[in-house]
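**Q**
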Amino acid sequence: MGRIVEMPLPRLGETMDEGRIGLIIKKPGERFKRGETLLEVESDKTTVEVPALQDGILIEWLVASDEMVPVDSAIARIEIEGEAVAEVKVKATGNTPPVPSPLRGRSVAKQQGWGPHSRPPASTAARAAARRTGIELAMVTGTGRNGRITRNDLAAAARPGRATYHVETPKGKIFFREWPATGVARGTALLIHGLFADSQSFTTLGRKLAAWGFRTLALDLPGHGHSIAGVTALNDMAQAVEAALPERRLHIVGHSYGALIASFLPAHAQSLTLLSPAGCGEEINGGFVAAMLAGRIDHGLSFLGETVPAEAQALFADHLATHGGQLRAIAAGVAEDGNQTVSILDKLEGLTIPVRAVFLRDDAVIPAHHALNLPSNVSVRFLKGASHLPHWRDPDLIAALVAHSTV
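FYI, the numbering for the sequence shown is -14 to 392, going by my numbering.
1. For T188, which option in L386, L(-3), H376 has the closest C-alpha, if you only look at C-alpha atoms?
2. Using the beta-carbon count (16 or more within 10 Å), is P231 buried or exposed?
3. Quick one: is E334 buried, meaning 16 or more other Cβ sit within 10 Å of its Cβ, or exposed?
4. Might you give, ordered along the chain, the residues of its own chain that have their beta carbon closer than 6 Å to the beta carbon of V216, omitting 5 neighbours on each side?
5. In whole angstroms, what is the alpha-carbon distance linking V340 and G198?
6. Excluding the 5 residues preceding and the 5 following R62 in the sequence, name in chain order all residues of the same chain whose CB lies nearer than 7 Å to its CB.
7. Looking only at its chain, what residues have a beta carbon closer than 6 Å to the beta carbon of G20, apart from the 5 residues adjacent to it on each side?
8. Quick one: grab the DSSP three-state call for G172.
9. Write down the C-beta distance between L345 and L368 rounded to the nearest angstrom, noting that I regard them as a contact closer than 8 Å.
10. Quick check: the region 356 to 373 against the region 289 to 298, are at least 3 beta-carbon pairs closer than 8 Å?
11. Write down every uninterrupted run of the alpha helix (DSSP H) in the region 185 to 210 whose length is 4 residues or greater and which is fully enclosed by it, in chain order.
12. What does the alpha-carbon distance come out to for the pair G179 and A276?
13. Rank A218, W164, S186 by C-alpha distance to the C-alpha of Q298 and give the top, closest one.
14. Would you report the Cα separation of G266 and L38, rounded to the nearest angstrom?
15. Please name the residue in I65, V363, T32 whose C-alpha comes closest to that of S256.
16. Cα separation between S390 and K11?
17. Looking at the structure shown, is M277 part of a helix, part of a strand, or coil, going by DSSP?
18. What are the boundary residues of the alpha helix (DSSP H) that E25 is part of?
19. On the criterion of 16 or more Cβ atoms from any shown chain inside 10 Å, does R52 qualify as buried, or is it exposed?
20. For I269 and Q325, which I take to be in contact (beta-carbon distance under 8 Å), what is that distance rounded to the nearest angstrom?
21. Return the first residue and the last residue of the alpha helix (DSSP H) that L430 is part of.
22. Determine the direct distance from the alpha carbon of D348 to that of A110, and round the result to whole angstroms.
23. Return the residue from the list A384, L219, A252 that minimises the CA-CA distance to L245.
24. Return the residue from the list V327, K158, H355 that minimises the CA-CA distance to L260.
25. Do E27 and G4 have their C-beta atoms closer together than 8 Å?
26. Indicate whether L190 and P380 have their beta-carbon atoms separated by less than 8 Å.
27. Residues in the same chain with beta-carbon distance under 6 Å from A314, minus the five sequence neighbours each way, listed in chain order, please.
28. Going by beta carbon distance, what residues of the same chain come within less than 8 Å of H308, once the five residues before and after it are set aside?
29. How would you label T337, buried or exposed, when you count the other beta carbons within 10 angstroms and need 16 or more for buried?
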């Protein structure tokens, strides 16, 4: 006979007290194997895939996407050791109180026939919040009693959601995460990560840009994350990204190696924001690159100047194991023996769109003095600290810099 147990929300970092439930992958009744991803959880700095620790069956979710959940609280009920699903469901529903879910509110709305101009049940606080934000109550899912809309429902409706998808290109499939804009629309932002990272590293910045009114896209470069494209040369990498872009001008943010890619895309850009950019000088921390390529994750990440959650470190290890050969070729194409072999300075010279660069004063990967090499049309901002991740160190500032480029 199998056992039904409650699965807790794992701690994704030393300082994490709660997390936001992201994409829920497994459905009730589905079987899973050890190591399979059950859901994604967003911490304050990244999105982490939460794997199953053993074989089992997903009985029910006790949470919904976009819900904030304290660490160690139960998020799902799972059956282990192979008990039949039908028997498990009977036991699971015996004395378990119903859990609020966005689907419940939606079904009530359908039964009542609420339309865009109807007056669905809502608390006084929710109605006041709707007037302030301009949100149409009839379009909000109520999770209160009998589908009643609460103030928390309004807050959830105002937060940007997220979608994930692949875009086919002649060079392969490019994976995207997207946060839809809220409030007054300001345009579309594109976030391009650095070497060894992926689109998840932009979780916080993606949310903040969406709250500023930007439809925000973050992609996985070839050889990283969930993209499936075998290219390694810098030109081919840039062409793969370009082929996947929407047909509109973008506010492009490129971090480290991502700044190299961004420098190929000024024709698609309304503005460029380069974070700890590669390609502005010769030196680069060869020890960081070598450690990552050798799988010495702890040593490599120590150069970033930020605490990386343990689960994110595990994902780094998985991606390096999966894409190791491709990553070595990508790295060899831009740096050798601690020296960069490519430059973006000529590509930035004379651009008429707003271009800015952000450096950390004591960055251990790319020296801040590379900013002195930038052409005069590029504005530069220096931040204090030893981080190589400006979008982690001060995401509010980075979001504001992008937003101000539209003024």
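Where is the CB? At the ideal position from N, CA and C, for every residue including glycine. Since we're looking at a predicted model, the values are computed, not measured.
**A** On the basis of the coordinates in this document:
1. For T188, the nearest C-alpha among the options comes from H376.
2. Exposed.
3. Around the beta carbon of E334, a 10 Å sphere encloses fewer than 16 other beta carbons of the protein chains shown; the residue is thus reported as exposed.
4. Cβ-Cβ distances below 6 Å link V216 to K156, P207, M222, A225 in the same chain, with the five nearest sequence neighbours on each side left out; the list follows chain order.
5. Their backbone Cα atoms lie some 20 Å apart in a straight line.
6. Counting only residues of its own chain and dropping the five nearest sequence neighbours on each side, R62 has a CB closer than 7 Å to the CB of I(-11), E(-9), I44, E45, L47, A77.
7. Contacts found: P36.
8. Strand at G172.
9. About 5 Å separates the CB atoms of L345 and L368; that is less than 8 Å, so the two are in contact.
10. The region 289 to 298 is in contact with the region 356 to 373.
11. For the region 185 to 210, whole alpha helix (DSSP H) runs of length 4 or above, ordered along the chain, are 188 to 196.
12. Rounded to whole angstroms, the gap between the alpha carbons of G179 and A276 is 16 Å.
13. Residue S186 holds the alpha-carbon nearest to the alpha-carbon of Q298 among A218, W164, S186.
14. Each residue's CA atom was taken as its position, placing G266 and L38 some 45 Å apart.
15. Nearest of I65, V363, T32 to S256, Cα basis: V363.
16. The alpha-carbon of S390 is positioned some 41 Å away from that of K11.
17. The DSSP-derived three-state label of M277 is helix.
18. For E25, there is no enclosing alpha helix (DSSP H); the enclosing beta strand (DSSP E) covers residues 22 to 27.
19. In the sequence as presented, Arg is not what sits at residue 52; that position holds Glu. By the C-beta density criterion, E52 is buried, having at least 16 other C-beta atoms within 10 angstroms.
20. About 5 Å separates the beta carbon of I269 from that of Q325, a gap short enough to meet the 8 Å contact definition.
21. Residue 430 cannot be examined here, being either before or after the span of the chain that is shown, -14 to 392.
22. D348 has its alpha-carbon roughly 46 Å from the corresponding atom of A110.
23. The residue among A384, L219, A252 with its C-alpha nearest the C-alpha of L245 is L219.
24. Minimum Cα distance to L260 is reached at H355.
25. Taking 8 Å as the cut-off, the Cβ atoms of E27 and G4 count as close.
26. Their beta carbons are under 8 Å apart, which means L190 touches P380 by this criterion.
27. Around A314: T217.
28. Cβ neighbours of H308 beyond the five flanking positions: G208, H209.
29. T337 comes out exposed.
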